[in-house]
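K.L.:
The working numbering puts the first residue of the sequence shown at 1, with every later residue one more than the last. The C-beta atom is built at its ideal place from N, Cα and C for all residues, glycine as well. Before anything else, here's the structure in question.
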Amino acid sequence: MIHIKSEEQIAKMRIGGKMLASVLLETLKHIKPGVTELEVDDVAEKLILQKGGEPGFKKVKGYHSTLCVATNEIVVHGIPTKRVFTKGDLVCIDCGVFYGGLHTDMAETIYLDDPKDPHRKEKQTFLTVGKQALEKAMSVAREGNRVGHISQVIQNIVEGARYSVVRTLVGHGVGKELHEDPEVPGFLEKPVEKTPLLKSGMTIAVEVIYTMGKPEVEYASDDGWTIQTADKSLSAVFERTILITKAEPEILTA
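So this is what it looks like as structure tokens:
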């Protein structure tokens, strides 16, 4: 069931979304060579609590971290570990804030620059494509269009650059629950006209989840959460929570 949010709910999600964006921006500044994933997770939790929110991911049954941290071949749902960041790493931070009874969700991937990295330019281009796909996809997320319009844009840009969209992981509605209907794939699995219609008041998390190699993924360990690329290629994720309107979408996690 797709939930249309009330003005009161939207107002709360605006506050939570701004909170999340500021937390993520500050957390990203702490990602440096020599720092561990666990240390960054601790930073994010303290920031959320200081700002009056709650870590949204801790509301998910069985998950006990504030962040999902995906380094290099890890795609999503990475439980923060003692893994130490090094120069040349691609690091994705996925974070959620629960405020006023409502969730917002956001992810960003950065490159820990290394001028001596022989794949430096390739990694930078890889991330540029993902950012472009997210921006273009959000631009078509408006009332009267369909989920398929978002999916089509992501797929065209990512695959046009000869990267792969992960098929088993998708964007989603967000609000009362962290994951709500509708699913928002980064690829077209059916004709656009047969995908859910976008209506004002819907809040969705648009996600670009893609790899440098093949699209297949697998569990990285027996923790039941951490997912990596099956071919161990690099991966990245870009995600924003947005509000559908009759005009341009409102980015709640701007």
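To the nearest angstrom, report how far apart Thr-128 and Ile-2 are at their CA atoms.
P.N.:
Within the sequence shown, residue 128 is the residue found at index 128, counting from 1. Within the sequence shown, residue 2 is the residue found at index 2, counting from 1. About 32 Å.
K.L.:
Considering only C-alpha positions, which residue in the set Leu-234, Gly-175, Val-23, Glu-108 is nearest to Glu-8?
P.N.:
Translated into the one-based positions of the sequence shown, residue 8 becomes position 8. The option with the nearest alpha carbon to Glu-8 is Gly-175.
K.L.:
Residue range of the alpha helix (DSSP H) that Ala-205 falls in?
P.N.:
As a first step, residue 205 must be located in the sequence shown, where it is residue number 205. Careful: Ala-205 lies outside any alpha helix (DSSP H), inside the beta strand (DSSP E) at 203-211.
K.L.:
Just to confirm before moving on: does the CB-CB distance between Lys-82 and Leu-112 stay below 7 Å?
P.N.:
Position 82 of the sequence shown, counted from the first residue, corresponds to residue 82. Position 112 of the sequence shown, counted from the first residue, corresponds to residue 112. Not closer than 7 Å, so no.
K.L.:
Classify Gln-124 as buried or exposed, calling it buried when 16 or more other Cβ atoms lie within 10 Å of its own Cβ.
P.N.:
The residue labelled residue 124 in the question sits at position 124 within the sequence shown. The residue is exposed, with fewer than 16 neighbouring Cβ atoms inside 10 Å.
K.L.:
For Leu-67, which residues does DSSP report across the bridge?
P.N.:
As a working note, residue 67 is residue 67 in the sequence shown. In the DSSP output, where bridge partners are listed per residue, Leu-67 has Cys-95.
K.L.:
Which of the three DSSP states is assigned to Met-13 in this structure?
P.N.:
Here residue 13 is taken as the residue at index 13 of the sequence shown, counted from 1. Reduced to three states, the DSSP call for Met-13 is helix.
K.L.:
If we count the other Cβ atoms within 10 Å of its Cβ and call it buried at 16 or more, is Glu-73 buried or exposed?
P.N.:
Within the sequence shown, the letter at position 73 stands for residue 73. With 16 or more Cβ atoms within 10 Å of its Cβ, Glu-73 is classed as buried.
K.L.:
Counting along the chain, where does the beta strand (DSSP E) carrying Met-1 start and finish?
P.N.:
On the sequence shown, position 1 is the one that residue 1 refers to. Segment: none, Met-1 is in no beta strand (DSSP E) and carries neither H nor E.
K.L.:
Rounded to a whole number of angstroms, what is the C-alpha to C-alpha distance between His-64 and Trp-225?
P.N.:
By 1-based counting over the sequence shown, the position of residue 64 is 64. By 1-based counting over the sequence shown, the position of residue 225 is 225. Going by the C-alpha atoms only, they are around 11 Å apart.
K.L.:
Could you pull the DSSP bridge partners for Ile-227 from this structure?
P.N.:
As a working mapping, residue 227 is identified with position 227 in the sequence shown. Answer by DSSP bridge pairing, in chain order: Val-76, Tyr-219.
K.L.:
Taking the CB atoms as reference points, tell me whether Thr-195 and Arg-120 lie closer together than 7 Å.
P.N.:
Working through the sequence shown from its first residue, we reach residue 195 at position 195. Working through the sequence shown from its first residue, we reach residue 120 at position 120. Contact flag unset, no.
K.L.:
When we look at the beta-carbon of Glu-26 and count the other beta-carbons within 10 Å, is it buried (16 or more) or exposed?
P.N.:
Counting from one through the sequence shown, the residue named residue 26 turns up at place 26. By the neighbour-count rule (16 or more Cβ atoms within 10 Å), Glu-26 is not buried but exposed.
K.L.:
I'd like the list of long-range same chain contacts for Leu-102, defined as Cβ closer than 7 Å, with 5 residues on each side in sequence excluded.
P.N.:
Stepping through the sequence shown from its first residue, residue 102 is reached at position 102. If we look at Leu-102 and ignore the five residues flanking it on each side, its Cβ neighbours are Gln-9, Lys-12, Met-13, Gly-16, Gly-175, Lys-176.
K.L.:
With DSSP as the reference, identify every bridge partner of Ser-22, one or two as the case may be.
P.N.:
To locate residue 22, count along the sequence shown from 1; it is residue 22. Per DSSP, none; premise fails for Ser-22.
K.L.:
Out of Thr-86, Phe-238, Leu-134, Val-97, point me to the one whose CA is closest to Asp-117's CA.
P.N.:
Here residue 117 refers to the residue found at position 117 of the sequence shown. Taking only the C-alpha atoms, the option nearest Asp-117 is Thr-86.
K.L.:
Out of Val-217, Thr-253, Lys-131, Ser-235, state which residue places its alpha-carbon closest to the alpha-carbon of Thr-241.
P.N.:
The residue labelled residue 241 in the question sits at position 241 within the sequence shown. Of the candidates Val-217, Thr-253, Lys-131, Ser-235, the one whose C-alpha sits nearest the C-alpha of Thr-241 is Thr-253.
K.L.:
Take Val-60 and list the residues in its own chain whose beta-carbon comes closer than 7 Å to its own, dropping the five residues that flank it on each side.
P.N.:
In the sequence shown, the residue the question calls residue 60 occupies position 60. For Val-60, where only same-chain residues beyond five positions count, the Cβ hits under 7 Å are Leu-178.
K.L.:
Check whether the Cβ atoms of Arg-162 and Pro-215 lie closer than 7 Å to each other.
P.N.:
By 1-based counting over the sequence shown, the position of residue 162 is 162. By 1-based counting over the sequence shown, the position of residue 215 is 215. No.
K.L.:
Kindly confirm or deny that the segment 231-247 and the segment 30-50 touch, where touching means at least three C-beta pairs closer than 8 Å.
P.N.:
Because the criterion of three Cβ pairs below 8 Å is not met, the segment 231-247 and the segment 30-50 do not touch.
K.L.:
If contacts are defined as beta-carbon pairs under 8 Å, then Val-206 and Glu-239 qualify, I think. What distance do you get, rounded to the angstrom?
P.N.:
The residue given as residue 206 occupies position 206 in the sequence shown. The residue given as residue 239 occupies position 239 in the sequence shown. Between Glu-239 and Val-206 the Cβ distance is about 7 Å, and since that is below 8 Å, they are a contact.
K.L.:
When the Cα atoms are used, what is the spatial distance from Pro-191 to Gly-96?
P.N.:
Here residue 191 refers to the residue found at position 191 when the sequence shown is read from its first residue. Here residue 96 refers to the residue found at position 96 when the sequence shown is read from its first residue. Using only the alpha carbons, I get a separation of about 31 Å.
K.L.:
Can you check whether the CB of Val-165 is closer than 7 Å to the CB of Gln-152?
P.N.:
One-based indexing of the sequence shown puts residue 152 at position 152. One-based indexing of the sequence shown puts residue 165 at position 165. It is not a contact, given that the beta carbons lie outside the stated cut-off.
K.L.:
Distance check for Gln-228 and Ser-6, CA to CA, integer angstroms please.
P.N.:
Sequence index remark: in the sequence shown, residue 6 carries index 6 (1-based). Sequence index remark: in the sequence shown, residue 228 carries index 228 (1-based). So the two alpha carbons sit approximately 37 Å from each other.
K.L.:
Output yes or no for whether 7 Å exceeds the beta carbon distance between Gly-148 and Leu-198.
P.N.:
Here residue 148 refers to the residue found at position 148 when the sequence shown is read from its first residue. Here residue 198 refers to the residue found at position 198 when the sequence shown is read from its first residue. Cβ atoms of Gly-148 and Leu-198: not closer than 7 Å.
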